[in-house]
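Counting from 54, one number per residue, gives the positions in the sequence shown under this note's numbering. Reviewing the structure listed below.
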Amino acid sequence: MEWWDDLWLNEGFATYVENFGTDRLYPDWRMFDQFSVDVVQDAFSFDGLVTSHPIYVPVSNPAEINEIFDTISYSKGGAIIRMMRFFLGDNTFAKGLTAYLKDRQFSNAFHDDLWNAMTKQAGMDGNPLDVKDIMDTWILQMNYPVVKVTRSNGKLHLEQKRFLFNPSSTDPGKYPSPYNYTWKIPFTYTTSEMLQFNQSYKDVKWFDLQSEMDIPTTSSGWIVGNVQQYGYYRVNYDDENWQALIEQLKTDHLSIHVINRGQILNDVWSLSKSGDVGTLTALQVVDYLSEELDYVPWYAATIELSYVKKMLTRTAIYGNFQVTEVIVLKIYHWIFTSTLTSTPCELTYQPEEDLTLNEPVANNPTKVISACYKVLEKKISKKDI
C-alpha cells in the first residue's frame, strides 16, 4: 500500500486469503459458508452505524492510523474482495490479481492500481467492466445498501437505500458520501421455480446508482435476493414474499442454500431493529430452527437471539423468550444423543434410534440441560467424544 489510508489492501486481502487458502486445503471445513457470518455479517454489524467510516480513509497521524485497524478494514475489506471476485469471475479475478502483484512487486500500491489491473483483465476476457467505477462506490462511502424487492405486473421492482440500524440517528457528517449513499450493486436472485443458488458473474443484474430499477420475471413463487450472500448488501421483501419464505423454511428448509438461510436470519432481525420489518416476522423466521441442523444458520441465529435475550432480560416477558431456548436445547440434545465419529477435518453425526424428547422434558429447559449433561458425561466416561 502507498499509505495507511489504503490499509484495507493489506488487511482485507489477509482476511480473504486466509479463508481462501484454508478452503482449498480443507474444503470439508466449509470456510466460505462460515465467511458469510464471520466476515460479511460481522462487518454489517459495525457498518450499519453512523459512527462507521469508509474503507478508504485519509489519515495523517498515528492516532488516526491506529483507529482504522478495525472491522471495516479487515471484515468489510474481505467482504468486498469476495464480492469483486464473484462479479468478475474466478479466472478474471485470479489473472487480474496476478497482473496487479507483478506490476507493483517492487513498489507500493494505491487502490486504483488494483482497479486498473482488474478492469484491463475483464476487458481482455470479454467482460468489459469499469471496476473503479463500481468499487469506488464501496470504498469511498461508509455503510451499505438494503435492496427492497417487490413484485408486480411481471416485474421485480428493486429499490436501494442506505441501511442504518437506527435511521433517526444523527450523522456527524465526518465522512460525507460522494454518491449520496447509492451503490453500484451486483444484484442476483433466484426463485422457488429456478432454485439456482450456484450462480456466476453471468447472472449478475447491475443495479446502478439510481435508487430504483425493474427486472422482468415470470416467477410467482418466493424470491431470494443476493445468492450465497456474495454481495455486500441486505435484502428486504414485501410481506407476501416474507411469508412465502417462512413457509418454505418450515416445510423444506434445505431447498434454500445454507448461506442464504443464515442471510435470511441475519437480514430479518437487522431489518426488525431498523424498523423496516415487524418483529413478528423475525420471530416467525426463527420458528423453523427446530428442524435446522446446520451450523451456519445457527451461528447467525444465536448472534441475533443473544441480542434479543439482552433486551428482554429482567423484563416481565423474559419467560416467554425461553421458548426459543427450548428450540436450541432440543438441537443440543440431538447432538449429544448422536454418535460423534471423529474423522480428519470433520465430525459426522450418526443418529441413534431414540432422539425425540418426551413432552415434559421438551417443555422444561432445566430438564433438557440435565438430560444433555447426562448423555455427555456418559460419552466422556466411555471416551466416545
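Ideal Cβ positions, reconstructed from N, Cα and C, are used throughout, including at glycine.
Identity of the residue in the options nearest residue i by Cα
i	options	result
M177	W191, D156, T203, F146	F146
P239	G328, K155, R138, F99	R138
G130	Y360, M171, V70	V70
F88	T304, P181, S343, Y348	Y348
Y234	F250, N251, F374, E212	E212
L342	K326, S221, L302	L302
L237	R77, D143, M136	The sequence as given places Lys at residue 237; Leu does not occur at that position. Ranking the options by Cα distance to K237, first place goes to M136.
L182	I192, M171, D256, K258	M171
I134	Y283, K431, Y290	Y283
A354	R367, V311, G372	V311
T271	T244, L154, N251, K435	T244
F250	E55, S308, D156	S308
V330	V288, Y228, P229, P80	V288
P220	K326, Q252, T368, R77	K326
Y290	V112, I356, S205	S205
F66	F260, D189, S273, L154	L154
D166	I356, E55, T366, L78	E55
F260	Y228, T190, Q252	T190
Y228	L78, I356, V112	V112
Supposed contact pair residue j and residue i - C-beta distance, whole angstroms, cut 8 Å
i	j	result
P225	K214	No, P225 and K214 are not in contact; Cβ-Cβ is about 20 Å, not under 8 Å.
H306	E345	6 Å
V103	T223	7 Å
H164	I192	7 Å
For residue j and residue i, the rounded distance between their alpha carbons
i	j	result
L358	Q337	13 Å
V280	T203	17 Å
Y286	V200	7 Å
E64	I370	43 Å
K185	T304	44 Å
V110	L248	40 Å
S323	F97	9 Å
L141	W57	27 Å
L318	A132	18 Å
N72	D143	15 Å
Y402	N114	Because Y402 sits at a pLDDT of 34, beneath the cut-off of 50, its placement in the model cannot be relied upon, and the following sentence gives the value as read from the coordinates. So the alpha carbons of these two residues sit roughly 53 Å apart.
L150	Q174	9 Å
P350	D320	12 Å
V518	N180	The question about residue 518 has no answer here: the residues shown for the chain are numbered 54 through 438.
G4	W82	Since the displayed the chain opens at 54 and closes at 438, residue 4 lies outside it and no answer follows.
A297	S126	37 Å
L433	K427	Before going further, note that residue 433 is Ile rather than Leu in the sequence given. Near 10 Å, if we compare the C-alpha coordinates of K427 and I433.
F218	G74	33 Å
E117	V93	24 Å
I299	M84	27 Å
W168	E430	56 Å
P80	Q252	19 Å
D450	Q158	Only positions 54 to 438 of the chain appear in this structure, which leaves residue 450 out of reach.
T368	Y360	14 Å
T366	T332	17 Å
N119	S273	51 Å
S160	K148	19 Å
F216	K435	52 Å
L400	D156	Summary for L400: the model assigns pLDDT 33, below 50, so the residue's position carries little reliability; its value from the coordinates is reported in the next sentence. In a straight line, the C-alpha of L400 is about 44 Å away from that of D156.
L52	N313	Nothing about residue 52 can be read from this structure; the chain reaches only from 54 to 438.
I356	F122	23 Å
P397	E265	Note on P397: pLDDT 39, under 50, position unreliable in the model; no value is reported.
Cβ-Cβ distance between residue i and residue j below 8 Å
i	j	result
G207	P107	no
L60	A162	no
D86	N196	no
Q194	P231	yes
G315	Y352	yes
G278	Y242	yes
W275	T334	no
T124	D95	yes
F374	K362	yes
T68	S128	yes
D292	H210	no
CB contact below 8 Å: residue i versus chain B
i	result
D156	Included in the structure is just one protein chain, with no chain B present.
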